[in-house]
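Asker: FYI, the numbering used here numbers position 134 of the sequence shown as 136, with every residue one higher than the one before it.
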Amino acid sequence: MTFVDIIVQGVLLGALYGLFAMGQSLVFGVMRMTNTAHGDFIVLLVFGLVALTGYAHLPLALAIALLLVIAFGFGFALQYIVLNRVAVRDPLPSLIVTFGLSIVIQNVLQQIFSADPRSIATGGFESASVSFGALTLGYLPLVTLLVTIALTFAMQWLFGKTGLGRAFRATSDDRDIVRLMGISHRRTFALAMAIAFVLIGVAATLYAMRTAVSPSDGPALLLYAFEAVIIGGMGSFWGTFAGGICLGIAQQIGFHIDPGWGIWLGHVVFLAVLVARPQGLMPRTR
Numbered sequence: 003m004t005f006v007d008i009i010v011q012g013v014l015l016g017a018l019y020g021l022f023a024m025g026q027s028l029v030f031g032v033m034r035m036t037n038t039a040h041g042d043f044i045v046l047l048v049f050g051l052v053a054l055t056g057y058a059h060l061p062l063a064l065a066i067a068l069l070l071v072i073a074f075g076f077g078f079a080l081q082y083i084v085l086n087r088v089a090v091r092d093p094l095p096s097l098i099v100t101f102g103l104s105i106v107i108q109n110v111l112q113q114i115f116s117a118d119p120r121s122i123a124t125g126g127f128e129s130a131s132v133s134f135g136a137l138t139l140g141y142l143p144l145v146t147l148l149v150t151i152a153l154t155f156a157m158q159w160l161f162g163k164t165g166l167g168r169a170f171r172a173t174s175d176d177r178d179i180v181r182l183m184g185i186s187h188r189r190t191f192a193l194a195m196a197i198a199f200v201l202i203g204v205a206a207t208l209y210a211m212r213t214a215v216s217p218s219d220g221p222a223l224l225l226y227a228f229e230a231v232i233i234g235g236m237g238s239f240w241g242t243f244a245g246g247i248c249l250g251i252a253q254q255i256g257f258h259i260d261p262g263w264g265i266w267l268g269h270v271v272f273l274a275v276l277v278a279r280p281q282g283l284m285p286r287t288r
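#1: Mind checking whether Gly256 and Gly245 have CB atoms under 9 Å apart?
#2: So, at 6 Å on beta carbons, what are the nonlocal neighbours of Ser292 in its own chain, with the 5 sequence-adjacent residues on each side left out?
#3: Please list the terminal residues of the continuous alpha helix (DSSP H) segment that includes Val13.
#4: May I have the straight-line CA-CA distance separating Leu51 from Ala205, to the nearest angstrom?
#5: From Thr154 to Ser27, what distance separates their C-alpha atoms?
#6: Just reading off the alpha helix (DSSP H) that Thr138 is part of, what are its end residues?
#7: I need the straight-line Cα distance from Phe243 to Leu62, nearest angstrom please.
#8: Could you have a look at Arg120 and say whether DSSP puts it in helix, strand or coil?
#9: Considering only their Cβ atoms, is the gap separating Pro143 from Ala17 smaller than 9 Å?
#10: Taking buried to mean at least 16 other C-beta atoms within 10 Å of its own C-beta, is Thr146 buried or exposed?
#11: Which stretch, first to last residue, makes up the alpha helix (DSSP H) that contains Val48?
#12: I'd like to check one pair, Ala227 with Val48: are the Cβ atoms closer than 9 Å?
#13: DSSP puts Val149 in a beta bridge; with which residues?
#14: Could you check if Trp266 is buried or exposed, using at least 16 other CB atoms within 10 Å of its CB as the buried criterion?
#15: Closest to Gly135 by CA distance: which of Val275, His269 and Thr4 is it?
#16: Just to confirm my understanding: we take Ala117, look at its own chain, exclude 5 residues before and 5 after, and list those with CB closer than 8 Å. What are they?
#17: With DSSP run on the structure shown, which of helix, strand or coil describes Val90?
#18: Taking all protein chains shown into account, decide if Tyr19 is buried (16 or more other Cβ within 10 angstroms of its Cβ) or exposed.
#19: Under three-state DSSP, which class holds Ser131?
#20: If you check the beta carbons only, do Phe43 and Gly220 fall under 9 Å apart?
#21: Checking the sheet assignment: what are the DSSP bridge partners for Val215?
#22: Helix, strand or coil, according to DSSP, for Thr164 in the structure here?
#23: On a CA-only basis, which of Ala230, Pro285, Gln254 and Leu85 is nearest Phe272? Give me that one, please.
#24: Mind checking whether the beta-carbon of Trp159 lies closer than 8 Å to any heavy atom of the ligand ZN?
#25: Could you tell me if Gln113 is buried or exposed, where buried requires 16 or more neighbouring beta carbons within 10 angstroms of its beta carbon?
#26: Going along the chain, which residues of its own chain have a beta-carbon closer than 6 Å to the beta-carbon of Leu201, five neighbours each way excluded?
#27: Leaving out the 5 sequence neighbours to the left and right, which residues in its chain are closer than 7 Å to Gly276 when beta-carbon positions are compared?
#28: Pick out whichever of Leu80, Gly126, Ser121 and Phe115 has its Cα sitting closest to the Cα of Val29.
#29: Can you look up Arg279 in the DSSP assignment and give me helix, strand or coil?
Laid out in structure tokens, this is it:
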């Protein structure tokens, strides 16, 4: 494996991590809430897609569209009914509640689907690739990279150019002031979580196409998402994308050195950035 191939494969892997982390970045950027169930939400939507395609026998495209609609509604309801009660300045209540949700999701999924890993059949698309000389690129990782870039642009546009984005930023800055302006911070938070769940749904779809997923995979996915957000900078979408890329490249370099070093080297890079630049590589600016 050449150095260029290592870097390219790291970028492609990092794009998936950046996609994992985008919803987490949105939730923290708007609500200042650390969602410890984030990885389990990804797994939950993976198994939701498995149910729609495997049990309801829906075509894949229709199942994905329906999953994203369900994800939007579920995210809105979850935030409005449950998480708004703990969306306070003290981070401890939200940590406890989302940790509890994580445990519940894992156990419910194991009861319904068993502990066996599941994936989504794509008719061979997950293994198809294109070669450029000695460099081989998978179609699915390339699609993941393009989707992640497109969604990052979309989220930057949403936050910077729309009234909803301004409401998100204003509510994040001072929810008491926006309440005086007639904006419901509870509804704003619920919309933010709904959009975050759509992002989670996209990540879950691409991840399920890439590999088999088991009900207990949530904590590992949370760790990758959290590291990408911290490396890039809390609340920054391009920072989150860059953080995922850094994490993916570090892991690919580690895998090249020794198969057991990949995940470990990613953690080392995360800790190094945390010590050297705790605000992240591209922190959010006001």
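Note that beta-carbon positions come from the ideal geometry of N, C-alpha and C, so glycine has one too. Please read all numbers here as calculations on a predicted model, not as lab measurements.
Answerer: According to the structure shown:
#1: Along the sequence shown, one-based indexing puts residue 256 at 254. Along the sequence shown, one-based indexing puts residue 245 at 243. No; because the gap between Cβ atoms is not below 9 Å, this pair is not in contact.
#2: There is simply no residue 292 to check, as the chain begins at 3 and stops at 288 in what is shown.
#3: Your numbering for residue 13 matches position 11 in the sequence shown. Phe5 to Met33 is the extent of the alpha helix (DSSP H) around Val13.
#4: Locating residue 51 in the sequence shown gives position 49, counting from the first residue. Locating residue 205 in the sequence shown gives position 203, counting from the first residue. Distance between the alpha carbons of Leu51 and Ala205 is about 12 Å.
#5: Within the sequence shown, the letter at position 152 stands for residue 154. Within the sequence shown, the letter at position 25 stands for residue 27. The straight-line gap from Cα to Cα measures roughly 11 Å.
#6: For the purposes of this step, residue 138 is taken as residue 136 along the sequence shown, with counting starting at 1. Not the alpha helix (DSSP H): Thr138 falls in the beta strand (DSSP E), residues Leu137 to Gly140.
#7: Position 241 of the sequence shown, counting from 1, holds the residue named residue 243. Position 60 of the sequence shown, counting from 1, holds the residue named residue 62. Computed Cα separation, rounded: 27 Å.
#8: Here residue 120 corresponds to residue number 118 of the sequence shown, with the count starting at 1. Strand.
#9: Looking up residue 17 in the sequence shown gives position 15. Looking up residue 143 in the sequence shown gives position 141. Yes, they are a contact pair.
#10: Your numbering for residue 146 matches position 144 in the sequence shown. Buried, because 16 or more other Cβ atoms sit within 10 Å of the Cβ of Thr146.
#11: The residue labelled residue 48 in the question sits at position 46 within the sequence shown. Run containing Val48: His40 to Val52, per the alpha helix (DSSP H) assignment.
#12: Here the question's residue 48 lines up with position 46 in the sequence shown. Here the question's residue 227 lines up with position 225 in the sequence shown. No, they are not a contact pair.
#13: As a working note, residue 149 is residue 147 in the sequence shown. Answer is none; Val149 lacks a bridge partner.
#14: Locating residue 266 in the sequence shown gives position 264, counting from the first residue. Exposed.
#15: For the purposes of this step, residue 135 is taken as the residue at position 133 of the sequence shown. Among Val275, His269 and Thr4, the Cα nearest to that of Gly135 is on Thr4.
#16: In the sequence shown, the residue the question calls residue 117 occupies position 115. So the list reads Ser216, Pro217 and Ser218, once near-sequence residues are dropped.
#17: Translated into the one-based positions of the sequence shown, residue 90 becomes position 88. Coil at Val90, not helix or strand.
#18: Translated into the one-based positions of the sequence shown, residue 19 becomes position 17. Tyr19 comes out buried.
#19: Taking the sequence shown and counting its residues from 1, the one referred to as residue 131 is at position 129. Residue state, collapsed to three classes: strand.
#20: Translated into positions along the sequence shown, residue 43 becomes position 41. Translated into positions along the sequence shown, residue 220 becomes position 218. Cβ atoms of Phe43 and Gly220: closer than 9 Å.
#21: Start at 1 with the first residue of the sequence shown, and residue 215 comes out as number 213. Arg120, per the DSSP bridge assignment.
#22: Taking the first residue of the sequence shown as position 1, residue 164 is located at position 162. In the structure shown, Thr164 sits in coil (DSSP, three-state: anything other than H, G, I, E or B).
#23: To locate residue 272, count along the sequence shown from 1; it is residue 270. Per the Cα distances, Ala230.
#24: As far as ligands go, the structure on display features none, and thus does not contain the ligand ZN.
#25: On the sequence shown, residue 113 is found 111 positions in, with the first residue counted as 1. So Gln113 counts as exposed.
#26: Stepping through the sequence shown from its first residue, residue 201 is reached at position 199. Closer than 6 Å at the Cβ level, and outside the excluded window around Leu201, lie Met24 and Gly25.
#27: For the purposes of this step, residue 276 is identified with residue 274 of the sequence shown, where counting begins at 1. The amino acid at residue 276 is misidentified as Gly; the sequence shows Leu. If we look at Leu276 and ignore the five residues flanking it on each side, its Cβ neighbours are Ile232.
#28: Walking along the sequence shown from the start, residue 29 turns up at place 27. It is Leu80 whose Cα lies nearest to the Cα of Val29.
#29: For the purposes of this step, residue 279 is taken as the residue at position 277 of the sequence shown. Arg279 falls in the coil class under three-state DSSP.
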